[in-house]
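Q:
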Amino acid sequence: MPNRGAPPTAPAVRDSQAWTVALLAGLLVLLLGGAEGPRLPYRPPYDVSCPAWTELHRGFDDTRTEDRERAFLCLVRDAGGPMFPADRSDRALLASGRALCAQPGWRRTDEWLRSGDRTLNMRGLDGALVFLCPDVVGGPDLMPSDERMAEEQADYVAASNAACRDPWPRTRARKQGTAAYFTSEGGGYHLADDADPDNQDGVERDYDGLLTGAETGVGIETIRAMNVCVTVKAFDQAPPLRLRGWREVAEVGVESRSGRLMVPAMRPGGEEGAGRALPNLAAKGPGHYRVRVYARADEDAVTMLPAEWHLIVVYPGRSKKQVVYRSRGPG
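Converting from the sequence shown to this note's numbering requires adding 44 to each position, the first position being numbered 1.
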C-alpha cells in the first residue's frame, strides 16, 4: 500500500529541474551570442606543444608534416610581436597565412610599409609562414627555389614599371619612354654615350646637386636615395621650360661621339638599371646635346614602389654650360 504520510514532493522537483534547464539554456544563448546577448571573443586553447617552436625554435626540417599547421599557429600567436588579431580563429589564421603565401615577399613587405603598423614582426611572420609554404617563403633552414625568386623579381619589376607614368603625357617627343629605375645603395644613376670607352664605369656624381656634367654623360642624383620613375623624351629642339610641380630642375651639355645617349637597362639577374629598355636619346646621331632633368619626390611615402619621379629631356645644343633653374635648397 502507498505511504499516505509522505509529502507530495514530485511537483517541486519538476519545478527545480525546469528552472535549471532554463538557466543553462540562457547561459548557452549568451555564450553563443544570441540576438540580444553579447558575443564573447574567441580564446584559443593553450597548446602544450607550442614551446617546441616558440621557445626551442624547432625548424621546418625537424617538424612532422602533420604538425606544420600547428607550428604556424603557435608562432603567429606567440612570436615576439602581434601578427594577427588575438581573437581570430585557427581556421581564419590558416586562411590568412595561405593568402599571404600566394603573395611575393616584396608585396607582403610593401603592404606592411603602407599600413604604418610597425608593431608587426615581419621577420617572425616569414618564420611562421615557412611552415605553410616553404617553397615560397624560405626561412632559416630553407631558401625559395631559383625559379620562385626569379618570378618574384619579375613581378616586382613589372609592378614598379606599372606604377610609373609619363608626367608630360600631352607633350609628344620624337622618342620617349617611361620605366622604373632601380638604383644601387645611395641612389643615383647616369645618362651617357654607352658606346664610348670613357663611360665603361658609368659617370661620376658629386652628390651636391641634381646633375653632374661629364664630357659624354651626365650623373643624376636622386632626392630620396631610392628607386625612381624615369621618363625620357628626345626632341629636335628645346621644349618649353616648365617648372611648376618640380622640386629640382637643371640642365647641362654633353657630347655623343657614337650617336648614342642611353639610360642603362637592368641586365638579366642584375639589381640596378631601368626596368625596361628606354630609347636612344641622341635623336640626331653623333653630336652635341643639352640634357635637362626635372625631379620631384613624395618624401612622406613609405613603400617599396618608386615614390620619386624624374623627367629627362634631351635636345640638340652646343653649349656645355650648366644651368640650375630650381634647386632643392637646404635639408
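Using N, Cα and C, we set each Cβ at its ideal position, and we do this for glycine too.
Within 8 angstroms, do at least three Cβ pairs link the segment 99–114 to the segment 305–312?
A: no
Q: Given this structure, state the Cα-to-Cα distance separating V298 from A321, to the nearest angstrom.
A: As a position in the sequence shown, residue 298 is number 254, starting the count at 1. As a position in the sequence shown, residue 321 is number 277, starting the count at 1. Across the structure, V298 and A321 are spaced so that their CA atoms are roughly 21 angstroms apart.
Q: Enumerate in chain order the residues of its own chain whose CB-to-CB distance from A269 is below 7 angstroms, with the five nearest sequence positions on each side excluded.
A: One-based indexing of the sequence shown puts residue 269 at position 225. If we look at A269 and ignore the five residues flanking it on each side, its Cβ neighbours are G230, G231.
Q: What does DSSP give as the partner residues of K277 in its beta bridges?
A: Translated into the one-based positions of the sequence shown, residue 277 becomes position 233. DSSP lists Q220, V357 as partners of K277.
Q: Could you pull the start and end residues of the alpha helix (DSSP H) that L144 belongs to?
A: Residue 144 sits at position 100 when you count from the first residue of the sequence shown. That run of the alpha helix (DSSP H) goes 134–145.
Q: Given the structure, does P241 come close to the ligand GTP, in the sense that its CB is under 7 angstroms from one of the ligand's heavy atoms?
A: Inclusion of the ligand GTP in the displayed structure is not the case, the ligand content being empty and no account of it being possible.
Q: So, for Y338: in the same chain, excluding its five sequence neighbours on each side, which residues have a beta-carbon less than 6 angstroms away from its beta-carbon?
A: The residue labelled residue 338 in the question sits at position 294 within the sequence shown. The residues are W290, V293, L355.
Q: How would you label P350, buried or exposed, when you count the other beta carbons within 10 angstroms and need 16 or more for buried?
A: Numbered from 1 along the sequence shown, position 306 holds the residue referred to as residue 350. Classification of P350: buried, given that the 10 Å Cβ count is 16 or more.
Q: Give the single residue among S300, D106, E315, S133 whose Cα lies nearest to the Cα of D237.
A: Residue mapping note: residue 237 aligns to position 193 of the sequence shown, counting from 1. The candidate whose alpha carbon is nearest that of D237 is S300.
Q: Out of D199, G331, V120, point me to the one whose CA is closest to P361's CA.
A: Reading the sequence shown from its first residue, position 317 is the one you call residue 361. For the sequence presented, residue 361 should be read as Gly rather than Pro. Checked all of D199, G331, V120; the closest Cα to G361 is G331.
Q: For R286, collect the residues of the same chain with a Cβ closer than 6 angstroms to its Cβ; drop the 5 residues on either side in sequence, then sort them by chain order.
A: As a first step, residue 286 must be located in the sequence shown, where it is residue number 242. Nothing meets the Cβ criterion.
Q: Report the CB separation of T347 from C273 in whole angstroms; it is logged as a contact under 8 angstroms.
A: Mapped onto the sequence shown, residue 347 falls at position 303. Mapped onto the sequence shown, residue 273 falls at position 229. Not confirmed; about 12 angstroms, so no contact.
Q: Short check: CB of E196 to CB of W150, under 8 angstroms?
A: Position 152 of the sequence shown, counting from 1, holds the residue named residue 196. Position 106 of the sequence shown, counting from 1, holds the residue named residue 150. Result yes, Cβ atoms of E196 and W150 sit closer than 8 angstroms.
Q: Look at the alpha carbon of G200 and the alpha carbon of Y359, and state the distance between them as a whole number of angstroms.
A: Position 156 of the sequence shown holds residue 200. Position 315 of the sequence shown holds residue 359. The sequence as given places Tyr at residue 200; Gly does not occur at that position. Each residue's Cα considered, the two are about 32 angstroms apart.
Q: Counting only beta-carbon separations shorter than 8 angstroms, does K365 have a partner in chain B?
A: Of the chains in the structure shown, none is chain B; there is only one protein chain.
Q: Does the Cβ of M127 have 16 or more other Cβ atoms within 10 Å, making it buried, or fewer, making it exposed?
A: As a position in the sequence shown, residue 127 is number 83, starting the count at 1. Result: buried.
Q: May I ask which residues mark the beginning and end of the alpha helix (DSSP H) holding R320?
A: Locating residue 320 in the sequence shown gives position 276, counting from the first residue. R320: not part of any alpha helix (DSSP H); DSSP gives it neither H nor E.
Q: Using the DSSP secondary-structure output, state which residues sit across from A341 in a beta bridge.
A: Here residue 341 refers to the residue found at position 297 of the sequence shown. Paired residue(s): E352.
Q: When you compare each of L325, D240, I264, A239 to D250 by their alpha carbons, which one comes out closest?
A: Taking the first residue of the sequence shown as 1, we reach residue 250 at position 206. Ranking the options by Cα distance to D250, first place goes to I264.
Q: Could you please give the first and the last residue of the uninterrupted alpha helix (DSSP H) stretch that includes L119?
A: Here residue 119 refers to the residue found at position 75 of the sequence shown. 112–121 is the extent of the alpha helix (DSSP H) around L119.
Q: Rounded to a whole number of angstroms, what is the C-alpha to C-alpha distance between C94 and A139?
A: On the sequence shown, residue 94 is found 50 positions in, with the first residue counted as 1. On the sequence shown, residue 139 is found 95 positions in, with the first residue counted as 1. C94 and A139: Cα-Cα distance of roughly 20 angstroms.
Q: Could you tell me which residues DSSP puts in a beta bridge with I264?
A: Within the sequence shown, residue 264 is the residue found at index 220, counting from 1. Beta-bridge pairing links I264 to Y233, L255.
Q: Between the beta-carbon of R218 and the beta-carbon of A278, is there less than 8 angstroms?
A: Working through the sequence shown from its first residue, we reach residue 218 at position 174. Working through the sequence shown from its first residue, we reach residue 278 at position 234. Yes, the pair counts as a contact, with Cβ atoms nearer than the cut-off.
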